[in-house]
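Asker:
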Amino acid sequence: MDTLLQQLINGLTLGAVYALVALGYTMVYGIIGLINFAHGEVVMIGTMVAFTVIVSLAGSGMPPLLILGIGLLVAVLACMILGWALERVAYRPLRHAPRLTPLITAIGMSIVLQNVAMIIWGRNYITFPPMINKEIFEVGGASFTNVQVAIVCLAALVMLGLTYLVQRTRIGMAMRATAQNPHVALLMGVDINRVIAMAFIIGSALGALAGCMVGSYYEIAHYQMGFMLGLKAFTAAVLGGIGNMAGAMAGGLLLGIIEALGAGYIGDLTGDFLGSHYQDIFAFVVLIIVLMFRPSGLFGERTGDRA
Amino acid sequence: MPVDKVLMYLDNRPFAGPVTNTILEIKSMNHVRIPGVLVVLAASLAVVGCGKKEEPKAAAPAAAPVAAAPAPAKPEIIVVKIGHVAPLTGPIAHLGKDNENGARLAIEDANAKKVEIGGKVVQFELLGEDDQADPKTGTVVAQKLVDAKVAGVVGHLNSGTTIPASAIYNQAGLPQISPSATNPKYTQQGFNTAFRVMANDIQQGSVVGTYAVKDLGGKKIAIIDDRTAYGQGLADEVEKAAKAAGATVVAREFTTDKATDFKAILTKIKAKKPDVIFLGGMDAVGGPMLKQIKELGIQAKFTTGDGGCSPELIKLAGPASEGVICTQAGLPPEKLPNGQKFLEDFTKKYGQIQIYSPYSYDAVMVLVDAMKRANSADPAKYLPEVGKTSYDGVTGKIEFDEKGDIKNGAITVFEIKDGKLVTLKSEGGTAPK
Amino acid sequence: MNLPRKKFPFWQQHWLGLLLLATALLAVPFVAALGGQAWVRIANFAILYVFLALGLNIVVGYAGLLDLGYVAFYAVGAYAYALLASPHFGIHLPFWVILPFGAALACLFGVLLGAPTLKLRGDYLAIVTLGFGEIIRIFMNNLNAPINVTNGAQGITLIDPIRIGDFSFSQTSTILGVTLSGPQKYYFLLVALAILVIVVNMRLQDSRIGRAWQAIREDEVAAKACGINTRNIKLLAFAMGASFGGIAGGVFAAMQGFVSPESFSLMESITILAMVVLGGMGHIPGVILGAVLLTALPEALRYGIEPIQQAAFGRMIIDPESLRMLVFGLALVLVMRFRPAGLWPSSLRRRELAEATD
């Protein structure tokens with residue numbers, strides 16, 4: 010039982026991170042139907058920027074939490090600019106291009122960002138300096154750290170805030186309108202370009218936040234870390250129903266938990282025929298099964314014709 | 082809709098605008114119906130004609146770039162190129178660069194010694210290539226080195242690129258010494274050109290496995306590997322050795338070399354209460370894993386092979402790396418006269434050693450040594466000498482068995498104490514006097 | 170714009186061009202060899218990718234099904250060849266048995282992938298195919314226990330080269346007074362295969378099936394309403410694309426003599442897709458151009474970057490390796506920016522794009 014609880018805690022932490030990254034994918038997709046493949050790299054750049062800021066402030070004698078806060082803030086700002094620039098330079102000119110064109114651009118941008126990061130931060134693994142003194146709590150035989158608690162709480166807060174933003178504010182309304190029908194939204198006086206740019210900016214800010222969480226949690230960073238993370242988060246977004254914010258959150262959490270339970274129990278379930286080497290398969294198999302029965306994901310609307 | 086006209090475009094307009102039908106019409110009217118046989122005939126004629134015409138050209142390049150290699154271009158100095166291949170991009174690029182730096186240092190040292198071959202001073206040159214850890218790129222790069230008429234090759238880093246490339250070097254008769262490919266299959270292919278200066282997985286795995294049981298007193302062992310050729314091979318050998326020494330393997334778990342989250346498998350391992358955990362994987366996996374082991378409150382002793390036996394692991398895991406037991410092929414540097422000097426020179430020049438740079442250093446030196454003994458830099462002439470190597474390297478005495486594996490390769494067990502790798506003991510190998 | 174006109178068979182209309190092309194193709198391995206056999210190998214990989222890209226073109230370009238797991242079929246073909254022609258199981262079947270078998274097996278996998286994903290559209294399909302590709306790779310990587318099928322991450326070594334009697338494709342030999350190296354021989358084999366896939370692509374394009382695919386690509390509901398059996402037609406696209414992937418895999422295994430799962434990563438699928446889109450989806454010359462460019466570009470950069478930097482700055486500013494992939498990525502972005510329909514789109518596509526307001 011304590012093992013199960015521990016696995017759920019593991020999955021929840023992982024899922025919270027996935028959910029934040031997945032939101033970045035889904036916001037962009039929901040509004041202009043584009044898979045921003047470079048989003049994982051935005052997360053990576055966020056981690057790296059935070060790393061640089063933290064390391065350069067580490068000797069200044071400021072309290073560690075403040076340093077972390079500044080690092081986070083700078084990372085978020087940097088990623089917002091990066092997100093805006095990505096949209097402006099790479100995607101906006103292609104808004105009327107065939108559907109696959111921006112996808113290739115996104116892949117190209119992802120390669121560019123990775124290699125720029127490699128040139129700046131080197132090809133070695135980087136130790137992300139731990140700014141929070143880790144405390145380990147034990148509940149019912151399962152242990153977790155204060156960092157994990159902070160990650161889950163922060164993710165929950167941000168998601169609440171984002172829901173408020175989208176449901177209650179003017180820009181949120183404009184976003185929803187654009188997602189529904191860009192032409193009509195335009196006629197209603199919505200500045201589409203601004204709305205789309207906002208989606209990228211907000212998504213990237215969430216990505217930067219997720220990047221800092223990953224950095225503080227695993228205390229490791231690498232210029233290629235964004236690829237797998239982005240892939241998993243994208244899977245999560247599709248699982249929930251891409252374009253749907255609640256779906257991205259649920260999909261992220263679900264994927265995190267599926268992965269943890271999958272790795273933990275797949276051996277027992279199959280009589281040790283399949284071991285934890287198949288843990289990455291688990292997520293995809295669940296995804297395929299879900300999509301077979303709900304072709305638009307768990308929370309996706311059955312609109313169908315968005316090919 | 083006009084049908085796409087492949088040749089229309091090829092003939093006239095590489096990036097053409099709209100196709101006009103007039104051109105099409107003219108083309109089709111001008112055209113004379115020719116039976117298919119004729120076309121085939123024409124094509125086959127072209128094969129022969131073209132082939133004949135090209136033949137001298139095809140033969141020419143073989144001679145053209147040779148000048149660089151053993152040909153006595155200048156009377157007193159000859160240039161000998163040695164190839165080096167490792168991934169310089171991608172997730173293990175840091176190890177690739179480390180290997181290359183090791184080889185580079187060896188080249189500089191060899192040049193400083195003013196090695197003479199056939200009465201002429203040799204100027205060694207390193208041709209460093211990037212194989213991206215991709216088997217396909219590995220073969221292209223291998224061919225590139227063969228084309229460049231290198232005298233020998235040091236590399237590749239991964240077994241996955243070393244094996245397909247070894248066929249190309251073998252065909253060209255080029256000696257290849259891998260500093261780090263540990264997959265036993267590399268030398269089992271029957272190639273007389275394939276060598277390695279590092280103990281293979283079998284040798285190393287048995288030392289770690291036995292040590293975990295006999296010296297650490299492990300009765301229940303959990304084994305994790307990263308599903309790479311290296312991790313898988315090593316973990317399998319450790320499992321065998323541990324079982325043979327009387328321990329039980331309570332958990333066999335897996336991860337990937339790109340993963341950073343190991344809590345799920347560690348939680349499962351925790352429930353099995355092992356005394357010793359072994360990781361077959363690289364330092365980038367070991368670092369975060371050690372931290373997570375601590376967070377989950379697992380008490381077992383952590384052991385790993387040479388991939389995790391690096392300063393990088395200490396850097397990545399921080400205090401969590403205290404007490405880790407790990408092995409490296411070769412003898413500890415303090416036991417070797419040349420080792421200490423290498424350590425100092427390398428650190429001064431390139432910073433910290435990752436893992437395999439001493440081996441790539443030795444690999445270059447073995448080639449140079451064989452050339453000296455054969456008194457020739459011609460691969461055909463000095464290749465037999467490589468097999469007869471008996472060289473005191475910075476990693477210990479290097480001799481090859483008939484397959485090209487290092488003979489009686491030494492394995493050293495280290496423990497991490499106060500953030501440093503401390504030698505516990507060495508097995509096998511002979512220290513030079 | 171499109172007047173009805175009498176159609177001669179393609180090769181009859183363009184016999185002169187075809188002849189020139191044939192001559193050029195024949196000359197390539199000899200000209201490339203001037204720069205070293207490495208260039209012949211690069212040319213071989215370029216043609217292998219032409220083959221793969223045209224296979225994927227059937228799925229993505231014609232039928233409009235976004236497939237991010239194409240490499241799975243390539244892997245199936247490669248492993249089929251490796252297992253049936255290597256000391257791993259001690260089986261050494263001739264290539265003319267294995268290549269069709271590999272194609273058939275890949276075809277079966279194509280249907281297996283296609284069947285559960287029929288209802289999915291666009292990007293949902295993309296992620297499921299991506300997952301499928303990963304699943305295949307993970308299985309290849311792990312099927313060494315309990316029964317050793319694929320030998321796991323260590324891969325399979327000593328795979329037989331393609332061999333006809335005593336004539337082996339991996340050795341240098343002299344035919345009719347012409348000395349051919351191993352890579353050069355594979356070149357001709359690959360060209361023959363590439364011509365096969367080009368012919369199939371061309372014939373498909375204007376066939377009933379090809380038009381049905383196009384109809385599905387443009388509007389699936391309308392296609393269904395027109396009486397097209399969308400299920401079977403879509404499955405057919407997957408199956409055909411997969412078969413070509415399977416053949417390519419077999420040739421790859423024979424050429425390399427070694428296969429391991431790391432050759433079949435997701436990045437490989439993405440690269441092939443990039444070739445199709447960059448060149449011009451659904452347009453055969455475009456796809457060929459895309460495949461050749463994307464294979465040759467990183468290699469050319471490998472040779473070119475160092476001298477260029479030396480000439481420009483007098484020393485190395487940035488590692489050539491970092492810069493190489495950077496330039497590659499930038500090239501993708503820039504091409505898409507300035508030629509959104511691909512470098513060499515079909516005229517139909519170009520028109521659509523010009524008219525598109527949406």
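Quick note, the sequences are listed as chains B, H and Y, same order. In terms of my numbering, the first sequence opens at residue 10 and continues consecutively. In terms of my numbering, the second sequence opens at residue 82 and continues consecutively. In terms of my numbering, the third sequence opens at residue 170 and continues consecutively. Cβ coordinates follow ideal geometry from the N, Cα and C atoms, glycine included.
Show which residues of chain Y have a CB atom less than 7 Å away from the CB atom of Asn264/H.
Answerer: What Asn264/H touches in chain Y: Gln323.
Asker: Relative to chain H, which residues along the region 196-211 of chain Y have a C-beta separation below 7 Å, given in chain order?
Answerer: Taking 7 Å as the Cβ-Cβ cut-off against chain H, the residues of the region 196-211 of chain Y that qualify are Ala196, Phe199, Ala202, Leu203, Gly205, Gln206, Ala207, Arg210, Ile211.
Asker: Can you name the residues of chain B whose CB is closer than 9 Å to the CB of Asn226/Y?
Answerer: Within chain B, no residue comes near Asn226/Y; the closest Cβ sits about 12 Å away, beyond 9 Å.
Asker: Compute the Euclidean distance between the alpha carbons of Asp329/Y and Phe338/Y, then round it to the nearest angstrom.
Answerer: Whole-angstrom Cα-Cα distance: 10 Å.
Asker: According to DSSP, simplified to helix, strand and coil, what is Ser285/B?
Answerer: DSSP places Ser285/B in helix when its eight states are reduced to three.
Asker: Is the Cβ-Cβ distance between Pro439/H and Gly411/H less than 8 Å?
Answerer: Result yes, Cβ atoms of Pro439/H and Gly411/H sit closer than 8 Å.
Asker: Rounding to the nearest angstrom, what Cα-Cα distance links Asn182/H and Tyr431/H in this structure?
Answerer: The straight-line gap from Cα to Cα measures roughly 7 Å.
Asker: Can you find a C-beta in chain B that's less than 8 Å from the C-beta of His175/H?
Answerer: Yes, contact with chain B.
Asker: Give the secondary structure of Thr136/B by DSSP, where H, G and I count as helix, E and B as strand, and everything else as coil.
Answerer: Looking at Thr136/B - three-state DSSP - the assignment turns out to be strand.
Asker: Please classify Glu106/H as buried or exposed, where buried requires at least 16 neighbouring CB atoms within 10 angstroms.
Answerer: Low per-residue confidence applies at Glu106/H: pLDDT is 36, beneath 50, and the placement is therefore not dependable enough to give any value.
Asker: Would you mind working out which of Trp513/Y, Arg210/Y, Ala460/Y sits nearest Lys225/H, comparing C-alpha positions?
Answerer: The shortest C-alpha separation from Lys225/H is found at Arg210/Y.
Asker: Would Thr309/H count as contacting chain Y if we go by Cβ distances under 8 Å?
Answerer: Yes, its Cβ sits closer than 8 Å to a Cβ of chain Y.
Asker: Do you know whose CA, among Gly451/Y, Pro467/Y, Gly498/Y, Ile474/Y, lies nearest Gly224/Y's CA?
Answerer: Closest by alpha carbon: Gly451/Y.
Asker: Determine contact between the region 338-350 of chain H and the region 322-329 of chain H, defined as no fewer than three beta-carbon pairs at a distance below 8 Å.
Answerer: No, they do not touch.
Asker: In chain order, what residues of the same chain lie with their CB nearer than 6 Å to the CB of Leu470/Y, ignoring the 5 residues before and after it?
Answerer: Closer than 6 Å at Cβ, skipping near neighbours: Arg493, Val496.
Asker: Consult DSSP for Ala229/H and reduce its assignment to one of helix, strand or coil.
Answerer: Correct three-state label for Ala229/H: coil.
Asker: Could you tell me the boundaries of the beta strand (DSSP E) in which Ser342/Y lies?
Answerer: Taken as a continuous stretch (DSSP letters only), the beta strand (DSSP E) holding Ser342/Y covers 342-344.
Asker: Take the Cβ of Gly150/B as the centre, count every other Cβ of all protein chains shown within 10 Å, and call the residue buried at 16 or more, exposed below.
Answerer: Answer is exposed; the Cβ neighbour count stays below 16.
Asker: For chain Y, check one thing: does any of its Cβ atoms lie closer than 8 Å to the Cβ of Gly183/H?
Answerer: By this cut-off, Gly183/H is not an interface position.
Asker: Can you tell me where the alpha helix (DSSP H) holding His48/B begins and where it ends?
Answerer: It spans 48-66 - the alpha helix (DSSP H) in which His48/B sits, taken as one unbroken run.
Asker: Interface residues of chain B around Pro172/H at Cβ under 8 Å?
Answerer: Chain B residues near Pro172/H: His231, Gln233.
Asker: What three-state label does DSSP hand Gly477/H in the structure shown?
Answerer: Looking at Gly477/H - three-state DSSP - the assignment turns out to be strand.
Asker: Relative to the C-alpha of Pro198/Y, which candidate in Ala215/Y, Phe270/Y, Gln182/Y has its C-alpha closest?
Answerer: Considering only alpha carbons, the answer is Ala215/Y.
Asker: In chain Y, which residues lie with their C-beta within 7 Å of the C-beta of Pro216/H?
Answerer: Simply Gln425, Phe427, Ser429, Glu431, Ser432.
Asker: Taking the runs of the alpha helix (DSSP H) that are 4 residues or longer, which of them lie wholly in the region 149-181 of chain B?
Answerer: 155-177, all fully within the region 149-181 of chain B.
Asker: Can you check whether the C-beta of Met450/Y is within less than 8 Å of a C-beta belonging to chain H?
Answerer: No, Met450/Y does not count as interfacial toward chain H.
Asker: Any C-beta of chain B sitting closer than 8 Å to the C-beta of Glu189/H?
Answerer: It does not; no Cβ of chain B falls within 8 Å.
Asker: Can Ile316/Y and Phe427/Y be called in contact, C-beta distance under 8 Å?
Answerer: Taking 8 Å as the Cβ cut-off, Ile316/Y and Phe427/Y do not qualify as a contacting pair.
Asker: Measuring alpha carbon to alpha carbon, tell me which residue in Ile439/Y, Val369/Y, Met371/Y, Val360/Y is nearest Phe236/B.
Answerer: Minimum Cα distance to Phe236/B is reached at Ile439/Y.
Asker: Under the DSSP definition of a beta bridge, which residues are partnered with His261/Y?
Answerer: Beta-bridge pairing links His261/Y to Ala254/Y.
Asker: So which residues on chain B does Arg333/H lean against when the C-beta distance must stay under 8 Å?
Answerer: Chain B residues near Arg333/H: Gly284.
Asker: Which bits of chain B does Pro369/H rub up against, with CB to CB less than 8 Å?
Answerer: Those are Tyr227, Glu228, Ile229, listed as they occur along chain B.
Asker: Look at the alpha carbon of Leu14/B and the alpha carbon of Gly309/B, and state the distance between them as a whole number of angstroms.
Answerer: Cα to Cα, the separation comes out at about 30 Å.
Asker: Taking just the CA atoms, how far does Ala254/Y sit from Pro263/Y?
Answerer: Cα to Cα, the separation comes out at about 7 Å.
Asker: Classify Gly198/B: buried if its beta carbon has 16 or more other beta carbons within 10 angstroms, exposed otherwise.
Answerer: So Gly198/B counts as exposed.
Asker: Shorter than 8 Å from the beta carbon of Ser123/Y to some beta carbon of chain B?
Answerer: The question about residue 123/Y has no answer, for chain Y in this structure spans 170 to 527.
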